[in-house]
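Colleague: For the sequence shown, the numbering used here begins at 313 and goes up steadily by one. Backbone N, C-alpha and C define an ideal beta-carbon position, used for all residues, glycine too. Please read all numbers here as calculations on a predicted model, not as lab measurements.
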Amino acid sequence: METFYQRKRWEGVLNIIRFNWHFYVLAFGIVLVVCILIYLDVFTGLIQPIAGIGTGIAFFYLLGSLVVSHFIYDRSDLYKLTWLNRLQLSEIGTFVNIHSGFDETSLLLQRFFPGADWKILDFYDPTKNIEISIKRARKYKSVVAGTKTVETTNWDLTSGSVTTIFGFLAIHEIRTPEEKVLFFQEAYRVLEKEGHFILIEHLRDRNNFLAYGPGFFHFFSARAWKEAFNETEFLLIDQFRINPFISVFVLKK
313 METFYQRKRW
323 EGVLNIIRFN
333 WHFYVLAFGI
343 VLVVCILIYL
353 DVFTGLIQPI
363 AGIGTGIAFF
373 YLLGSLVVSH
383 FIYDRSDLYK
393 LTWLNRLQLS
403 EIGTFVNIHS
413 GFDETSLLLQ
423 RFFPGADWKI
433 LDFYDPTKNI
443 EISIKRARKY
453 KSVVAGTKTV
463 ETTNWDLTSG
473 SVTTIFGFLA
483 IHEIRTPEEK
493 VLFFQEAYRV
503 LEKEGHFILI
513 EHLRDRNNFL
523 AYGPGFFHFF
533 SARAWKEAFN
543 ETEFLLIDQF
553 RINPFISVFV
563 LKK
């Protein structure tokens, strides 16, 4: 299989800044104000060193998270897709890429598996996915031709008709355990016997905490994912990391 890697050198980290600029303006603004107050000796007693330490930690996480994001999205093999060779998936059949409104992977996956019949599903729901960053991302990224809007619990596909499903850094947007279970039950329904679901996600673990601080609460733990899998008949046949911050779960029907 041949990969076609067409992402720009700094695309990942620039997208993060572009879609979340309000957060970075506010955060760096607060850091700057506190630094000025420290310089002017506004704080007294223990407050001064505590403010200094807190500001240093905040600055470290702000800058560090961008450095790590550049490594993850722009420097690692994540979007090169070379890690897919490990899975030895069938290269033909009906493949699904399902996302939550911001599709960076369908074209790459289509080129990696050119012999597959691709179906692109978008479960974005503006009443549930209310984050401003997602709305900005949807305006920036053009919709891949043939993308179909679906519900997380109803994909409008025939039972047993799909060979492989990809959930690429998107399924964590399903926030409740109940809906997550229903999502995987629907995935199980549409997969053919011996079909695969490939889940790619950040985890709520030590590495992502060190990289993103409290932001790692937006992700789910490996245990939470496995609890959702266990509510279906999926078999977890492999789990590995693409890099220290991104994990892959390989499920089989």
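Determine the DSSP secondary structure at Thr464, reduced to helix, strand or coil.
Modeller: Reduced to three states, the DSSP call for Thr464 is coil.
Colleague: Considering only their Cβ atoms, is the gap separating Asn555 from Ser418 smaller than 8 Å?
Modeller: Not a contact, by the Cβ cut-off of 8 Å.
Colleague: With a floor of 4 residues, list each alpha helix (DSSP H) that falls wholly inside the segment 371-447, ordered by position along the chain.
Modeller: Counting only runs of 4 or more, we get 418-424.
Colleague: From Leu469 to Tyr500, what does the alpha carbon distance come to, in whole angstroms?
Modeller: Each residue's Cα considered, the two are about 11 Å apart.
Colleague: Would you call the CB atoms of Glu443 and Thr475 closer than 8 Å?
Modeller: Contact flag unset, no.
Colleague: Assign Arg487 to one of three DSSP states: helix, strand, or coil.
Modeller: Three-state DSSP puts Arg487 in coil, outside helix and strand.
Colleague: How would you label Thr356, buried or exposed, when you count the other beta carbons within 10 angstroms and need 16 or more for buried?
Modeller: It counts as exposed.
Colleague: Considering only their Cβ atoms, is the gap separating Val502 from Ala540 smaller than 8 Å?
Modeller: Their beta carbons are not under 8 Å apart, which means Ala540 does not touch Val502 by this criterion.
Colleague: Which residues in the same chain have their Cβ closer than 8 Å to the Cβ of Thr488, if we skip the five residues on either side of it in sequence?
Modeller: Cβ within range, chain order: n/a, list empty.
Colleague: Go ahead and label Ile365 buried or exposed: buried means 16 or more other beta carbons lie within 10 angstroms of its beta carbon, across all protein chains shown.
Modeller: So Ile365 ends up on the exposed side.
Colleague: Where do the ends of the alpha helix (DSSP H) carrying His530 lie?
Modeller: Element bounds for His530: n/a, residue is neither H nor E.
Colleague: Roughly how far, in whole angstroms, is the beta-carbon of Phe331 from the beta-carbon of Ala449, given that I think they are within contact range, below 8 Å?
Modeller: Their Cβ separation, rounded to whole angstroms, is 5 Å, which keeps Phe331 and Ala449 in contact under 8 Å.
Colleague: Give a yes or no on whether the C-beta atoms belonging to Asn409 and Trp395 are separated by under 8 Å.
Modeller: Taking 8 Å as the Cβ cut-off, Asn409 and Trp395 do not qualify as a contacting pair.
Colleague: Quick one: measure Cβ to Cβ for Phe557 and Ala536, integer angstroms, because I've assumed they're closer than 8 Å.
Modeller: Contact flag wrong, Cβ pair sits at about 17 Å.
Colleague: Do you know how far the Cα of Leu420 is from the Cα of Tyr317?
Modeller: Confidence at Tyr317 is low in this model, with a pLDDT of 44, below 50, so the placement of that residue is unreliable and no value is reported for it.
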